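Protein chains in written order, with our numbering: chain A, 1 to 506; chain B, 1001 to 1154; chain C, 2001 to 2187; chain D, 3001 to 3163.
Idealized CB from N, CA, C, for every residue including glycine.
Please read these numbers as outputs of a predicted model, since none were measured by experiment.
Right, one structure below, let's go through it.
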Amino acid sequence: MSWVFLLVALPLGGGFLLPLFDKRWAERWLPRGSEALTLALTLATAGLAFATIGWEGIYRMGGWSPPLGINLVVDGLSSLMLVVINSIALLVTIYSFKYMEDYTPTGKYYSLFLLMLAGMNGVILTGDMFNLFVFLEIASIASYALVGYRRGAVELEAAFKYLILGSIGSAFIIFGVGLLYAATGQLNMAQVSRNLAGQGRGVIGGITAAFFLVGFGLKAAQVPFHAWLPDAHSSAPSPISAILSGVLIKALGVYCLARVFFNVLGIDEIEGNILMWGGTLSMVVGALLAVGQEDLKRLLAYSSISQVGYIVLALGMGGIMLSRGEQALASLALVGALFHLINHAANKALLFLASGAIEEQAQTRQLGEMGGLFHRMPVTGTTTLCGVLSIAGIPPFAGFWSKLIIIVAALWGGFYAVATLLIATSVLTLAYYMRVEREAFFGAVPERLQKVKEAPAAMAWAMGLLAAGAVGLGVLYLPGLREMVLQPAMNVLLEGLRYAQMVLGG
Amino acid sequence: MPEKEGMSLIVKEVARLIAPPIFIFGLYLTLTGHLTPGGGFPGGVVFACGFILVVLAYGGKRAFRRLPPEGASKYDSGGALLFLVIGLIGSLVGGHFLYNFIQAALPGTVFHLLSAGTMPLINIAIGMKVAACLFMVVMALTLFRLAGEKGGES
Amino acid sequence: MITTLYIFIFFIIAAALVAVETPHALSAVIALGAVGFGLSIVCLFIGAPDIAITLVVVEILVLIHMIRATLQRDIITIMGPFSRLNVIATMLIFGIGVAFFYQVALQLPPFGQAVMTLIENSPSRFYLEESLNQTGAASAITAVLLDFRAYDTLGEATVIFTAIIGALALLRRTVKRERKGKGAGDA
Amino acid sequence: MRWAWAFVLSFGFWLLLTWPPGWQELSVGLVAAVVATTFFGRMLRLKTVRRLFDPRRYFWAICYVLVLIYRIFVANLDVAYRVLHPEMPIKPGIVKVKTVLQNEVAKTVLANSITLTPGTLSVDITDDGYLYVHWINVRAMQEEEASSYIVGRFESLLRRIFE
């Protein structure tokens, strides 16, 4: 599979090229050229991402074999993440055409967007600790700028806050990488994992784990470190909010936590507990904070903290079960985590896109000023309803199945307190999302919203496809499909040390 | 820089005398990166310093006529694309992204300027890019300050 | 040799403290410059001349630029209310950090000792021994940067690129296009 | 013409850096010099270049360096005396002096020499040939007198070198 690098190289190339499209000659000779190029590139990466499903192996950069050079690793987990990231990026691109039309330098916007995509793909694909940091920084820096792209006072403040906290997170991560290098003399993840398995973790390994917990926890906005997320995600332009909440915090936070703890450091019971209780805390606190929000996008942002809490909780639970040797239960918890990751990516992207459509058409984000939008914007209303029902966990929708799996895993594993909190939070989630439906979509149309029209076709199509995902992604757990997508990804986490074997051979 | 065009005569003269050697030194660092300590990153920084010196000495308005900050963006993208294209050629010729295809085909004599395959080329690309980036960083700071002084706060 | 190094390190720490504590903006900037130059000399000592050169050049530039910026400001003293709670909290966190780092420092290889001499299969050993034969580059650093780990270098170059594009995007003059029928752009 | 000279000078500096030159260094240096010329050739002044080929000027330049070193040495002793003296006989102030030099490089070298000499520090220079100098011990308030003290020592030699 000699084309895997294109997943990084194509968006990088687009990102390098697009700033030139802001020039006068490009506006005359290539009107909407930046949009067309971005669409072509995201289509290509989405296609490539789907083609990686079912493939497993490494790609050697520059022809140097693993411990010497940098290698890209494709396995079940990476292809799952790649598919999620690139397909949502494609839909968001389509949505952006209309939404970002009014903002002037479109070239720079799409350039930053593609660089962020390249950064995320690089993080997912890389098999090298330092390279992970480098691409994490690309994605983070691009997202700092994109958060402030509308450049009001609020947006710039949010971007600044995000920049400061994100940089602190990055500093923790680079410290961790440095310590790991001092302990093992290696940067290649597989070789680090093998060396650590040989010599034991020692003090440095423990401190490294703590650093990674804080650093990636900041990127994933887990509760003690969540302060930046509500501001950043609600101030960004809506397509960017969708990418940030939908995939960025998962690619830079959750995925890295999973990869580093399960495949490189090897998770133990203490870290599993930290992850699980941290996740539980995020889940509960995020949901409690979301209840009182008046601003639709802030509510969605707090809901993201809560839902990512579910994923981290399930990962930690899987880690505890693994270190206790309960393979079957661990596999259930991990499948729940990954399944919820997919569902939440689709649902939250959909909800943020819908909130953007409402903001664009009704010129408001306050729930109190909306009302009866179902009559005025039927497509947005229907798609939002699908997303809300799915994220709140109503039976036939996708979100229900992933939550059910996590709850069942918690009950079978004997974590009754966690299971109770899971159920309670689900009820809370349902409550605040129902409030959104009641205040924004049902009821009478207020005077000032009489002239509101439906969102443009491109935006509606993007939302519609995501809504189809919200309804239909549940099928991923059906036997035939489960072996294709979820099972390989779960196996990567379940058999942590097999990663080193796959990369290095022997 | 708005009230007075550039700094005093002394600074202008010194800048005029010293900017071209700085530039040549940057080129030297960049081009011999594979032989001696140096390379694209330091070389690019030295380039940028040559340009920034001129801008600081002669004042924004006069220097920007010769060195428009928008033009730097072109070099920025160009350098980055050159790096990427070298990598892509490597993948087409040798089957691996960023493969050192020139070294495989035409190994130069070690310790001479034309050796080490793609490395001097990549150094040039990085030098261009870093120079343009650093120049734009300083110019962005300057422009931002000017905007702040004109428009009051924010 | 090692004593000189320590002298410079203490010089850097002292200059940094001055930069933090002084109430004058200009003094802070100059102290910051002293930190930078001390750092570049330390780089020379630990055998990284290229980093030292770059650091000197960047320091001069930053110093000139910041002095110009400070001289043109009316406010030359930094004033701010001191919160005792903040100081105590910072000290506490700093103390915990130092305690942890002490534990880690006991495990790290001694200063000046290369990691590759301690670890058998370290790739850095291969880089030193084989980079000339395998890549044809006389400078081992460049061989690592541009051949073995060229992908990293591409990423680092992209980081700078992203940062500057982001900065330009945030500093742009017009935020929104004017469009008929809709509210005019903000800012 | 200006471009050609800029090219030659850049190439010369390149040769200095890469000595001893082989054919590879020479050919790459040609390209490098072309690049440098396109960026900075505009900044070169032809008059300055012509003066580079006058051997007498080099002789005067060496003389100037010797004189400057002597002046710095003497001024060092003077400042040391003033600092160590229990009464600190200093009388700091800024004086305005006139220079007859026309060439701008010459003016720059003059100002820098004044700064290099302990006890005097050139603060500013105006376009019509006035220098503002900070002096540790102001001996003369009048413009002409001060000029002869500070500037006169260097001016004649500098004029021979640069004008």
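Counting only residues of its own chain and dropping the five nearest sequence neighbours on each side, B:Phe1041 has a CB closer than 7 Å to the CB of Ile1126 and Val1130. Bounds of the alpha helix (DSSP H) holding C:Arg2125 are Pro2123 to Thr2135.
Scanning the stretch 103-166 of chain A from its first residue to its last, the whole alpha helix (DSSP H) runs of 4-plus residues come out as 106-125 and 129-147. With respect to B:Met1119, C:Thr2090 sits apart: the two C-beta atoms are not nearer than 9 Å.
In the displayed model, D:Trp3135 falls within a strand according to three-state DSSP. In the structure shown, D:Ser3148 adopts helical secondary structure according to DSSP, grouped into three states. Counting C-beta pairs with one atom in each stretch, the stretch 126-133 of chain A and the stretch 34-44 of chain A have fewer than three that are closer than 8 Å, which means they do not touch. Chain C has no Cβ within less than 9 Å of the Cβ of A:Tyr162.
Boundaries of the beta strand (DSSP E) harbouring A:Ile58: Gly57 to Arg60, taken from the DSSP string. Contact annotation: A:Met434 and A:Thr380 have beta-carbon atoms that are not nearer than 9 Å. Counting along the chain, the unbroken alpha helix (DSSP H) around D:Asp3078 starts and ends at Pro3055 to Leu3084.
Shown here for D:Val3151: same chain residues with a beta carbon closer than 6 Å to its own, the five before and five after excluded, namely Val3097 and Thr3099 in chain order.
Contact between D:Ile3125 and B:Ile1010 holds: CB atoms are separated by about 6 Å, below the 8 Å threshold. Identification of chain C residues near A:Phe135 by a Cβ-Cβ cut-off of 7 Å yields Gly2155, ordered along the chain. Around A:Lys161, the same chain offers Trp228 and Asp231 as residues with beta carbons nearer than 6 Å, after the five sequence neighbours per side are excluded. With respect to A:Ile168, C:Gly2166 sits apart: the two C-beta atoms are not nearer than 9 Å. With respect to the 9 Å criterion, A:Gln307 and A:Gly286 are classified as neighbours on the basis of their beta carbons.
Taking a contact as a CB-CB distance under 8 Å, the pair A:Ser331 and A:Met490 counts as one, their CB atoms being some 6 Å apart. Counting every other CB atom within 10 Å of its CB across the protein chains shown gives A:Gly127 a total of 16 or more, marking it as buried. With its beta carbon less than 9 Å from one in chain B, A:Arg60 belongs to the interface. Under the 9 Å criterion on CB atoms, C:Asp2147 is classed as interfacial with respect to chain A.
Distance between D:Thr3037 and D:Gly3022, taken at the CA atoms: about 22 Å. Take the alpha-carbon of A:Leu421 and the one of A:Glu27: they are about 55 Å apart. Taking a C-beta cut-off of 8 Å against chain B, the contacting residues of the stretch 3091-3121 of chain D are Glu3104, Val3105, Lys3107, Thr3108, Ala3111 and Asn3112, listed in chain order. Counting only unbroken stretches of 4 or more residues, the alpha helix (DSSP H) elements lying wholly within the stretch 397-456 of chain A are 398-413 and 416-436, in sequence order. According to the DSSP assignment, D:Ser3010 belongs to no beta strand (DSSP E) but to the alpha helix (DSSP H) extending over Arg3002 to Thr3018.
Burial state of A:Lys453 is exposed, judged by a 10 Å Cβ sphere holding fewer than 16 other Cβ atoms. Scanning chain A for C-beta atoms nearer than 9 Å to the C-beta of B:Ser1091 yields Ser2, Trp3, Phe5, Leu6 and Ala9, reported in chain order. For D:Gly3093, the uninterrupted beta strand (DSSP E) run begins and ends at Gly3093 to Lys3098, by DSSP. In this structure, the CA atom of A:Ala197 is about 27 Å from the CA atom of C:Gly2097. The beta carbons of B:Val1138 and B:Ala1015 sit no closer together than 9 Å. Secondary structure of C:Ser2139 (DSSP, three-state): coil. Between A:Leu82 and A:Ala44 a beta carbon distance of about 13 Å is seen, past the 8 Å cut, so the two are scored as non-contacting.
At a beta-carbon threshold of 8 Å, the residues of chain D lying near B:His1112 are Gly3022 and Gln3024, ordered along the chain. Residue contact with chain D for B:Glu1070: absent (no Cβ-Cβ distance below 9 Å to any residue of chain D). In the structure shown, the three-state DSSP call for D:Tyr3130 is strand.
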